[in-house]
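First comes the structure, then the notes that go with it.
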Amino acid sequence: MSGLLEGKVAFISGIARGQGRAHALRLAREGARIIGFDICAHIDTVPFSMGTAEDLAETERLVRGAGGEIVASKADARDQDEIVAALNAGLDAFGRVDFVVANAGIGQPFVPAWEMEDEAFLNVVNVNLVGAWRTAKAAVPRMIDQGDGGAIVVTGSGASLKGLPNLAGYVASKHGLIGLTRTLARELGPHRIRANAVLPGNTNTPMFNNAAMRSLFVPDGEGDPPQERFLARAKAGSPFGLPYVEPEDIAEAVLWLLQPASRYVTGMWIPVDGGTGIP
């Protein structure tokens, strides 16, 4: 690789698997050292399995296998003290932080808004939206004190721009990330710290490939619908006929938003969705 991020340090949430792991690997291959965290536990209101301590260890192994350096911690995106402790563990090793990738995210039970339990709504908002704010909040003071700029990338969604039935909490959290990103861009511009978002569509991770999601896409049957019907429905919204993009596709957009080539891009978002978000 070309060493685009040589000497830089990235703080990434939700790195145990999926998009977070892809981001950690891609940035490490460009020379960035990685500070990361993941809850490594299940949240009861999430309708699919979440990352584990074994997944986090695999991310560490892969980053080191690619020649990178990583400090990874178990931390909950809903807990400011745990986030700060994860960041400080990395700062002790690397001495600085240049980038934030606020990636941690969860889903919700697929029910109408008025049937959603308080706990489920609050969990998805507190991880996806409040967790992104907490992750940035932890790192930004250090980035400002360093005095040499930086960049923040927030993981939104196609649901950041449109309403989706049976996903009120998720959609609200992802819409909120656009407002957070724009505000951070305004506030941090004088410090030469940029803030942008990526908006993935369907992505080939455990958060998409699971029985609950298959039932959301194919609601007219009983039990877990066949994978072929699920993928056929998922393809329908893409002009490319894609059922999903790969997490590595999202990581390429994140890399671009962190590197000098995007130095004047801030307060914006990049959909990486195979065209499913075209109005």
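Per our numbering, the very first residue in the sequence shown carries number 1045; after that it's consecutive. All residues carry an ideal CB built from backbone N, CA and C; glycine is no exception. All of these numbers come straight from a predicted model, not from anything done at the bench.
For Ser1117, which of helix, strand or coil comes out of DSSP? Position 73 of the sequence shown, counted from the first residue, corresponds to residue 1117. If DSSP states are grouped into helix, strand and coil, Ser1117 belongs with the strands.
What residue range does the beta strand (DSSP E) around Trp1313 cover? The count along the sequence shown starts at 1 and reaches residue 1313 at position 269. For Trp1313, the enclosing beta strand (DSSP E) has its first and last residue at Trp1313 to Val1316.
Under 8 Å by Cβ, that's how I've got Thr1179 and Ala1121 pegged, so tell me the actual separation to the nearest angstrom. Within the sequence shown, the letter at position 135 stands for residue 1179. Within the sequence shown, the letter at position 77 stands for residue 1121. Contact between Thr1179 and Ala1121 is confirmed by a C-beta separation of about 7 Å, below the 8 Å threshold.
Can you name the start and end residues of the alpha helix (DSSP H) that Ile1127 belongs to? If you number the sequence shown from 1, residue 1127 lands on position 83. Counting along the chain, the unbroken alpha helix (DSSP H) around Ile1127 starts and ends at Gln1124 to Phe1138.
Supposed close pair Ala1229, Gly1311 - CB separation, criterion 8 Å: Here residue 1229 is taken as the residue at index 185 of the sequence shown, counted from 1. Here residue 1311 is taken as the residue at index 267 of the sequence shown, counted from 1. That belief holds up - the Cβ atoms of Ala1229 and Gly1311 are roughly 3 Å apart, short of 8 Å.
Quick one: what does DSSP say Arg1061 is sitting in, helix, strand or coil? Taking the first residue of the sequence shown as position 1, residue 1061 is located at position 17. Arg1061: coil per DSSP, three-state reduction.
Identify, in the order they occur along the chain, each residue of the same chain with its Cβ nearer than 8 Å to the Cβ of Gly1051, setting aside the five sequence neighbours on each side. The count along the sequence shown starts at 1 and reaches residue 1051 at position 7. Cβ-Cβ distances below 8 Å link Gly1051 to Gly1075 in the same chain, with the five nearest sequence neighbours on each side left out; the list follows chain order.
Where does the unbroken beta strand (DSSP E) through Leu1048 begin, and where does it stop? Walking along the sequence shown from the start, residue 1048 turns up at place 4. Taken as a continuous stretch (DSSP letters only), Leu1048 belongs to no beta strand (DSSP E), as it is neither H nor E.
Can you tell me whether Gln1271 is buried or exposed, with buried defined as 16 or more other CB within 10 angstroms of its CB? Against the sequence shown, residue 1271 aligns to sequence position 227. So Gln1271 ends up on the exposed side.
Assuming Val1053 contacts Ile1079 under a Cβ cut-off of 8 Å, what Cβ separation, rounded to an integer in Å, is found between them? Position 9 of the sequence shown, counted from the first residue, corresponds to residue 1053. Position 35 of the sequence shown, counted from the first residue, corresponds to residue 1079. The pair is a contact, with the Cβ atoms about 6 Å apart (cut-off 8 Å).
In this structure, what does DSSP give as the bridge partners for Arg1238? The count along the sequence shown starts at 1 and reaches residue 1238 at position 194. Ala1195, per the DSSP bridge assignment.
Would you mind reading off the limits of the beta strand (DSSP E) that contains Asp1082? Against the sequence shown, residue 1082 aligns to sequence position 38. That run of the beta strand (DSSP E) goes Arg1077 to Asp1082.
Residues sharing a beta bridge with Ile1056, DSSP: The residue labelled residue 1056 in the question sits at position 12 within the sequence shown. Paired residue(s): Gly1080 and Val1145.
Suppose contacts are defined by Cβ-Cβ distances below 7 Å. Is Leu1131 in contact with Phe1055 by that definition? By 1-based counting over the sequence shown, the position of residue 1131 is 87. By 1-based counting over the sequence shown, the position of residue 1055 is 11. Going by C-beta atoms, Leu1131 is nearer than 7 Å to Phe1055.
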